[in-house]
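*Asks:* Protein sequences, first through last, are from chains D and W. When we follow my numbering, the leftmost residue of the first sequence carries the number 555, and every step to the right adds one. When we follow my numbering, the leftmost residue of the second sequence carries the number 10, and every step to the right adds one.
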Amino acid sequence: DTEVTQTPKHLVMGMTNKKSLKCEQHMGHRAMYWYKQKAKKPPELMFVYSYEKLSINESVPSRFSPECPNSSLLNLHLHALQPEDSALYLCASSREGGPSSYEQYFGPGTRLTVT
Amino acid sequence: GNSVTQMEGPVTLSEEAFLTINCTYTATGYPSLFWYVQYPGEGLQLLLKATKADDKGSNKGFEATYRKETTSFHLEKGSVQVSDSAVYFCALSEGNAGNMLTFGGGTRLMVKP
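(1) So K58(W) and E650(D) are supposed to be a Cβ contact under 8 Å. How far apart are they, rounded?
(2) Taking Cβ positions only, does N108(W) come closer than 8 Å to chain D?
(3) Below 8 Å on the Cβ atoms is my contact criterion, and I expect M581(D) with L628(D) to pass it. Report the Cβ-Cβ distance as a whole number of Å.
(4) Does the CB of L53(W) have a neighbour CB from chain D at under 8 Å?
(5) Using a C-beta cutoff of 8 Å, does L659(D) count as contacting chain W?
(6) For the stretch 579-596 of chain D, which residues have a CB atom closer than 7 Å to at least one CB atom of chain W, in sequence order?
(7) What do you get for G115(W), buried or exposed, if any count of 16 or more other CB atoms within 10 angstroms of its CB means buried?
(8) Tell me the rounded alpha-carbon separation between Y659(D) and A100(W).
(9) Work out the CA separation of L635(D) and N611(D) for me, nearest whole Å.
(10) Under DSSP, the beta strand (DSSP E) around T80(W) begins and ends at which residues?
(11) According to DSSP, is S609(D) part of a helix, a strand, or is it coil?
(12) Shorter than 8 Å from the beta carbon of G87(W) to some beta carbon of chain D?
(13) Please classify P623(D) as buried or exposed, where buried requires at least 16 neighbouring CB atoms within 10 angstroms.
(14) Under 8 Å Cβ-Cβ, which residues of chain B neighbour S648(D)?
(15) Examine the ligand MN and report whether any of its heavy atoms sits within less than 7 Å of the Cβ of G50(W).
(16) Span of the beta strand (DSSP E) holding S656(D)?
(17) Helix, strand or coil, according to DSSP, for S102(W) in the structure here?
(18) Compare the C-beta of L628(D) against all C-beta atoms of chain W and say whether one is closer than 8 Å.
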């Protein structure tokens, strides 16, 4: 099973709202990722968690707050977003560690619209 | 630093035509190479991969060969179908770099019946 699930599939929120995106995998992967994808562009890395610890933050604004409650779950908390934050948010997971590089498996994404 | 360059799209083909999408890369070490496909309204799916020189990745009729001498990983399919219409991303990652993916810009493929 190489499935990564994400909820919700679609989200519309106002600029003063607080919402959360959720991601789950049961492949035993110890690395999990959040990406942002704008139309007709490749995904842009936002955050990387390795063994439930934040290892990379690609200078993402603080209105995006990631959380990794356990090895299977990854959340992205959203607060005071701007209209330009509207995008497809993708979660991914992979094996971790060592000299080899491992493929990432992506979820279906959450389509976020900020009004 | 690392980079991936793909041919710009859209690529428009008739059903059963031969497909080639070019991909070249620049890397400091010995990367693994990937092709991902994104169907409309969906996330990315891993299509195929190759981890060392001369490896050939294949899946669902698609193939790509890791060519170290030309730093290329071109995607090919002998006979495309309408259902292959999607955006294709070439990507690389290097070991000891946290599996960080470097993506190409993506190539949109449109297959007409």
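We put the beta carbon where it would ideally sit given N, CA and C, even for glycine. Given the structure is predicted, the values throughout are model-derived calculations rather than measurements.
*Replies:* Result, derived from the coordinates:
(1) Within the second sequence, residue 58(W) is the residue found at index 49, counting from 1. Within the first sequence, residue 650(D) is the residue found at index 96, counting from 1. In fact, because the Cβ distance is near 17 Å, the residues do not count as touching under 8 Å.
(2) Translated into positions along the second sequence, residue 108(W) becomes position 99. It does: the Cβ of N108(W) has a partner Cβ on chain D nearer than 8 Å.
(3) Locating residue 581(D) in the first sequence gives position 27, where the first residue counts as 1. Locating residue 628(D) in the first sequence gives position 74, where the first residue counts as 1. Incorrect: roughly 13 Å between the Cβ atoms, too far for contact.
(4) Position 44 of the second sequence, counted from the start, is the residue given in the question as residue 53(W). For L53(W), the nearest beta carbon of chain D is closer than 8 Å to its own beta carbon.
(5) Looking up residue 659(D) in the first sequence gives position 105. Looking at the sequence provided, one finds Tyr at residue 659(D) rather than Leu. True, the Cβ-Cβ gap to chain W drops below 8 Å.
(6) A585 and P596
(7) What you label residue 115(W) is simply residue 106 of the second sequence in a count that begins at 1. The residue in question, G115(W), is buried, as its Cβ has 16 or more Cβ neighbours within 10 Å.
(8) Taking the first residue of the first sequence as position 1, residue 659(D) is located at position 105. Taking the first residue of the second sequence as position 1, residue 100(W) is located at position 91. Spanning the two alpha carbons is a distance of roughly 13 Å.
(9) In the first sequence, counting from the first residue as 1, residue 611(D) sits at position 57. In the first sequence, counting from the first residue as 1, residue 635(D) sits at position 81. Approximately 18 Å, taken between the alpha carbons.
(10) Here residue 80(W) is taken as the residue at index 71 of the second sequence, counted from 1. T80(W) -> no beta strand (DSSP E), and no H or E assigned at all.
(11) Translated into positions along the first sequence, residue 609(D) becomes position 55. Of the three classes helix, strand and coil, the one that applies to S609(D) here is strand, per DSSP.
(12) Translated into the one-based positions of the second sequence, residue 87(W) becomes position 78. False, the Cβ-Cβ gap to chain D never drops below 8 Å.
(13) Here residue 623(D) refers to the residue found at position 69 of the first sequence. Per the 10 Å Cβ criterion, exposed.
(14) Absence of chain B from the displayed structure is noted, the protein chains being D and W.
(15) Ligands are entirely absent from the displayed structure, and the ligand MN is therefore not among its contents.
(16) By one-based count along the first sequence, residue 656(D) stands at place 102. The amino acid at residue 656(D) is misidentified as Ser; the sequence shows Tyr. Taken as a continuous stretch (DSSP letters only), Y656(D) belongs to no beta strand (DSSP E), as it is neither H nor E.
(17) Here residue 102(W) corresponds to residue number 93 of the second sequence, with the count starting at 1. S102(W): strand per DSSP, three-state reduction.
(18) Here residue 628(D) is taken as the residue at index 74 of the first sequence, counted from 1. So, not an interface residue.
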